[in-house]
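Count along the sequence shown from 1, then add 100; that gives the number in our numbering.
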Amino acid sequence: SIVTATSHIAEEIRKWDTEKLIGEKGIPDGLAFAIVNFINELTSEKKARGNDYPLDAASYLTGLTLIVSGVVSLFRGNKYKWLSIFIAAFYGICMVLLLFILKYQNVTNPSSTLRFVYFVICTGAGAAAGIFFVCLWPTGRILVGALGGFSLAMICLSTRTNGLISNQLIRYIWIGICTVFNATLAGIQRFYQYVAIISTVMSGCYLLMLGTDVFVRGGMLASFKTFWGYNQPEDYLYIVDTNVIIILSTIGFVGGLFGIGAQLLEFWIDQRRDVLIIDDDQMTMTSNDEKSNLIGSFTKRLKNTFKKGI
């Protein structure tokens with residue numbers, strides 16, 4: 101039938117990449133990209149992320165951990181400075197372990213028990229790293245900035261089907277630039293307060309997005325593996341569909357604005373309170389000095405009067 105023939109042709113063309121279209125077929129660059137994007141859209145249902153992980157105990161615990169830590173970081177990150185350092189170190193070591201597992205264990209479809217073991221190992225190592233870097237708080241502040249920059253880079257990559265940047269090397273460069281630049285700013289004492297607010301809001305948004313996607317299953321959580329260059333199941337493609345758009349717009353845009361507004365307002369109130377406390381202390385010291393001078397003057401006059409009487 102016509103439908104079957106069209107599907108077969110689309111499937112064959114979908115296997116071509118832009119280099120083959122440009123080199124072997126002699127098609128202009130712009131037309132080649134247009135053809136590939138069009139065929140990807142035609143076959144998007146087949147290439148969309150499927151049921152690549154079960155909703156088991158590890159998934160529920162991961163989702164709840166991401167959501168709770170994301171909400172705290174989004175709205176109270178700068179207020180709870182030690183907790184922000186703990187969260188940054190926690191997810192930093194968890195990310196390192198996760199990438200290590202993906203690279204050397206070649207995990208494609210682990211069992212629920214193995215997934216729970218991975219969760220326990222990552223949680224234990226993350227908690228130990230969090231406590232360690234809380235004690236080394238100057239380095240911990242840099243981690244807060246690094247996590248914020250990394251989160252911003254990943255959110256930007258998630259805004260387009262198959263990633264905002266398609267070339268894997270450029271993805272690495274983009275992630276590295278955002279992470280290092282924000283970490284450098286966080287290491288400067290003069291800018292840290294404002295960098296901490298932006299960083300905790302960005303990391304809170306991204307953690308909340310990932311935690312929500314555990315239950316919504318829109319593809320953002322699975323795209324984390326894709327953006328790092330690891331192989332996904334056959335015919336996988338990260339697609340910005342309705343669920344992803346809702347997550348990005350509500351949490352990323354609306355939640356980000358509310359988070360920045362709430363933290364800036366709280367920061368301004370704390371600054372005003374500190375100024376008032378300093379003024380009160382200065383007034384109290386001035387009042388005490390005046391009282392001391394008055395008592396000293398009265399005592400001196402009393403002594404002089406007593407001497408004259410003698």
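C-beta: ideal position from N, C-alpha, C; glycine also.
The three-state reading of DSSP puts P238 in helix, counting H, G and I together. Contact annotation: S251 and M320 have beta-carbon atoms that are not nearer than 8 Å.
One alpha carbon belongs to V295, the other to V244, and they sit about 9 Å apart. R176: member of the alpha helix (DSSP H) spanning A157 to R176, first to last residue. In this structure, the CA atom of K325 is about 15 Å from the CA atom of G311. T300 is positioned such that its CB atom lies closer than 8 Å to that of S184. In this chain, the alpha helix (DSSP H) harbouring N282 covers Q268 to A286. Its chain contains G170, L174, S251, I255, I351, G352, G355, G356 and G359 as the residues whose beta carbon lies nearer than 8 Å to that of C305, once the 5 sequence neighbours on both sides are disregarded; these appear in chain order.
In the structure shown, the three-state DSSP call for N262 is coil. For F324, the enclosing alpha helix (DSSP H) has its first and last residue at M320 to F327. By the neighbour-count criterion, in which a residue is buried when 16 or more other Cβ atoms sit within 10 angstroms of its Cβ, A283 is buried. The residues A229, G230, F233 and L243, in chain order, have a CB closer than 6 Å to that of A189 in the same chain once the five nearest residues on each side in sequence are set aside.
Of the residues Y330, L307 and I347, the one whose Cα lies closest to the Cα of V316 is I347. For W182, the CB contacts under 6 Å within the same chain, skipping 5 residues up- and downstream, are V234 in chain order.
DSSP places S184 inside the alpha helix (DSSP H), whose first and last residues are K181 to Y204.
Judged by DSSP secondary structure, D313 falls within the alpha helix (DSSP H) whose first and last residues are Y292 to V316. It is roughly 32 Å from the alpha-carbon of S323 to the alpha-carbon of L364.
Taking one beta carbon from each stretch, the stretch 192–199 and the stretch 157–165 have fewer than 3 pairs nearer than 8 Å; the two do not touch. Assigned with DSSP and collapsed to three states, I339 falls in coil, not helix or strand. Close CB contacts of K203 within its chain, under the 6 Å cut and outside five residues either way in sequence, are absent.
CA-to-CA, the gap between N267 and I273 works out to about 10 Å. Only residues of its own chain outside the window of five on either side were considered, and among them E366 have a CB closer than 7 Å to the CB of K179, listed in chain order.
Around the beta-carbon of S258, 16 or more other beta-carbon atoms lie within 10 Å, marking it buried.
Looking at the backbone, the Cα of W368 and that of G177 are separated by about 15 Å. Listed in chain order, the non-local C-beta contacts of M309 below 6 Å within the same chain comprise M320, I347 and I351, local neighbours out to five positions each way being set aside. Counting the other Cβ atoms within 10 Å of the Cβ of V217 gives fewer than 16, which makes it exposed. By the CB criterion at 8 Å, G361 and I298 fall outside the cutoff.
Distance from T162 to V314 at the Cβ level is roughly 6 Å; contact confirmed, criterion being Cβ atoms closer than 8 Å.
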